[in-house]
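In this text, residue positions in the sequence shown follow this note's numbering: the first is 108, and each later residue adds one. The beta carbon of each residue, even a glycine, is placed where N, CA and C say it ideally should be.
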Amino acid sequence: MALITTREMFAKALNDDYAIGAFNVNNMEIIQGIVDAAKEEQAPLILQVSAGARKYARPAYLINLVKAAAEDSGLDLVLHLDHGEDFDICKKCVDDGFTSVMIDGSKHPFEENIRITKEVVEYAHAHGVVVEAELGRLAGVEDAVQVDARSATFTDPDEAAEFVERTGVDSLAIAIGTSHGAYKFKGEPYLDFERLKTIHKLLPETPLVLHGASSVLQEFVSKCNQYGGQVGGAQGVPEDMIHEAVKYGICKVNVDTDLRLAMTAEIRKYLTEHPEEFDPRKYMSPARDAIKSMVQHKLKDMLNASGRL
Ligand code: G3H
Ligand code: 13P
Ligand code: ZN
108 MALITTREMF AKALNDDYAI GAFNVNNMEI IQGIVDAAKE EQAPLILQVS
158 AGARKYARPA YLINLVKAAA EDSGLDLVLH LDHGEDFDIC KKCVDDGFTS
208 VMIDGSKHPF EENIRITKEV VEYAHAHGVV VEAELGRLAG VEDAVQVDAR
258 SATFTDPDEA AEFVERTGVD SLAIAIGTSH GAYKFKGEPY LDFERLKTIH
308 KLLPETPLVL HGASSVLQEF VSKCNQYGGQ VGGAQGVPED MIHEAVKYGI
358 CKVNVDTDLR LAMTAEIRKY LTEHPEEFDP RKYMSPARDA IKSMVQHKLK
408 DMLNASGRL
């Protein structure tokens, strides 16, 4: 029941071809739903906090809620900074007790990305904290259907090998066609598995990270729309593509959008069916339950991605 790093869990996942779920947290109910699910599945778990989450909930609340979740559940949890944009925010999180930080230098030129990543790695490692970096930029919805834009933003395998060697980073987020949010593909879903295979071949010991990995489960999209939402044309990464990715070194699967959809669908349903209710506990309870069962489904799926366990 402590906050731990990803070091051991990634080594096991890489060896046994499964993935660890990394879920974005923004409030108590989201944390409780996710952690209850992991407890039931006895699954390793990463809870990650974005800059937006820090702004919304304030850092001290999130840090202490995650610590409370570890104590209450008896689970070891990873507290991870998602998409840290510079050294300062990474340093702040290391100093505040995060056990893992992401420095996202992907918007910078290669050499600058290496420079800031190295700076974060030096500081974090000196404090026993692990670091995720990103190389290549996640495609936007429009980019994903344009071949040229695809190759321009996807991770270059040779650069990935050089990047890991020169920075000493612990894990690497790669761009192979996913994007953040609920609208990932306009037509057929496409991920560049050949590119992923090449990266994994060059970096067989490096845990790779898949951002934008929500499946956008249609059950929740339909429920949102059934109860007054307007979430048209939402499409995520099919779960069999996640399984395929796990075969080639993906050991961290980032999920936020699926949490948002599950929670919002249930709140919409509850409030539509109980228009007289105004006690937040009444609609947050089923919303938390919806998160728990959705996360249980995802964790089972990630742990059995290779069908070997
Ligand atoms: O990386 C994106 C995550 O979904 C976090 O989103 O920045 O709105 O908290 P956010
Ligand atoms: P989704 O938007 O697919 O849930 O991705 C979340 C993510 O990558 C957080 O870093
Ligand atoms: Zn991301």
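Where residue i falls: helix, strand or coil (DSSP)
i	result
residue 333	helix
residue 342	strand
residue 271	helix
residue 225	helix
residue 191	strand
residue 230	helix
residue 357	strand
residue 390	helix
residue 207	strand
residue 236	coil
residue 185	strand
residue 362	strand
residue 218	helix
residue 125	coil
residue 260	helix
residue 149	coil
residue 481	Residue numbering for the chain in the displayed model covers 108 to 416; residue 481 lies beyond these limits and cannot be assessed.
residue 417	Here the chain comprises residues numbered 108 to 416, so residue 417 is not present and cannot be evaluated.
residue 412	coil
residue 312	coil
residue 379	helix
residue 298	coil
residue 69	Here the chain covers residues 108 to 416 and nothing more, so residue 69 does not appear.
residue 140	helix
residue 400	helix
residue 117	helix
residue 384	coil
Residue burial classification, residue i (beta-carbon count within 10 angstroms, cutoff 16)
i	result
residue 215	exposed
residue 167	exposed
residue 136	buried
residue 149	exposed
residue 122	exposed
residue 202	exposed
residue 181	exposed
residue 367	buried
residue 161	buried
residue 385	exposed
residue 403	buried
residue 250	Reliability fails at residue 250, whose pLDDT of 49 lies under 50, so the model's placement of it is uncertain and no value is given.
residue 382	exposed
residue 333	exposed
residue 379	exposed
residue 155	buried
residue 108	exposed
residue 430	Residue 430 lies beyond the range of the chain shown here (108 to 416); nothing can be said about it.
residue 163	exposed
residue 143	buried
residue 339	exposed
residue 314	buried
residue 159	exposed
residue 128	buried
Identity of the residues DSSP links to residue i by a beta bridge
i	result
residue 131	155
residue 241	280
residue 290	342
residue 110	184
residue 317	281, 360
Nearest to residue i (by Cα), restricted to the options the options
i	options	result
residue 274	192, 298, 217, 373	217
residue 225	383, 144, 271, 373	271
residue 132	383, 362, 404, 393	362
residue 232	268, 278, 264, 126	278
residue 396	372, 109, 198	372
residue 282	290, 289, 297, 185	297
residue 356	130, 284, 311, 207	311
residue 242	234, 219, 235	219
residue 430	304, 318, 374, 141	Past the edges of the chain, shown from 108 to 416, lies residue 430, and the structure says nothing about it.
residue 223	237, 195, 236, 200	195
residue 413	347, 268, 402, 369	347
residue 299	333, 324, 344, 314	344
residue 390	375, 400, 403	375
residue 359	110, 403, 125	125
residue 116	340, 290, 152, 394	152
residue 113	239, 145, 211, 329	239
residue 269	285, 221, 286, 234	221
residue 173	138, 322, 197, 189	138
residue 324	234, 354, 364	364
residue 295	187, 342, 199	342
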